[in-house]
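Just so we're on the same page, our numbering is the position in the sequence shown counted from 1, plus 1.
Just so it is clear, CB atoms sit at the ideal spot from N, CA and C, and this is done for glycine as well.
One structure is given here, and the rest of the page talks about it.
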Amino acid sequence: MRKREKENHGIVFGPNGQGHVYKPAPYHSYKAAKRKDKTRWVDDANFEFSIFNLADVHTGLPYPENIKVIDKRWMNDDGKGLYAILNQGKNLLGQTGERLAFFPIPPNAQDAWHGYPTNSQYIGDELVEHWYSINVISKGIYRKLLKHIL
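Following this line, the structure appears as structure tokens:
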């Protein structure tokens, strides 16, 4: 069961298994007004937190005992944040077709994380290789991600 607390009219989840807390950004909410510069999730804050945990602590993966999975969070190659993909990229995460999510590292370690649906424009090859090596993505999705067309 997830811990939820109300804070400043927002919901805060966590801490999770990495000790991180997650605070959904209202402008990325599935109920938010459409904005040109902001993507929106396809589902509620619980869904957002589950996707964050997938990237951060691999919650919900069928092979949690696999040391290759446990030892590597889904950090992008540039070290600026975590990426997530659900069900080998078959599930949409964003309302405008995004199949990936990005969670930038907070500026201060004690700050809450947040995230948003995105495309593959900035995802690093090393992370894509890792996902493929642990069967998080299929060969077809692997190729698309390396070409940044997903």
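Residue range 101-105 is occupied by the beta strand (DSSP E) that includes residue 101. Between residue 53 and residue 104, the CB-CB gap stays under 7 Å. In terms of Cα proximity to residue 56, the closest of 23, 32 and 13 is 23. Relative to residue 13, the option among 135, 114 and 77 whose CA is nearest is 114.
When the beta-carbon positions are compared, residue 120 and residue 99 come within less than 7 Å of each other. Here residue 36 is exposed, its C-beta having fewer than 16 other C-beta atoms within 10 Å. Runs of the beta strand (DSSP E) spanning 3 or more residues and lying entirely within the segment 69-147 occur at 82-86, 101-105 and 117-119, in chain order. Check the Cα spacing between residue 80 and each of 93, 128 and 140: the tightest is with 128. Residue pairing by DSSP leaves residue 28 without any beta bridge partner. Taking C-alpha positions only, residue 27 is separated from residue 95 by approximately 14 Å. Looking at the backbone, the Cα of residue 82 and that of residue 106 are separated by about 5 Å. The residue from 116, 145, 112 and 139 with its alpha-carbon nearest to that of residue 125 is 145. The continuous alpha helix (DSSP H) containing residue 52 extends over residues 46-58. Setting aside the 5 residues that flank it on each side, residue 46 is surrounded in the same chain by 12 and 25, each with a C-beta closer than 7 Å to its C-beta; the list follows chain order.
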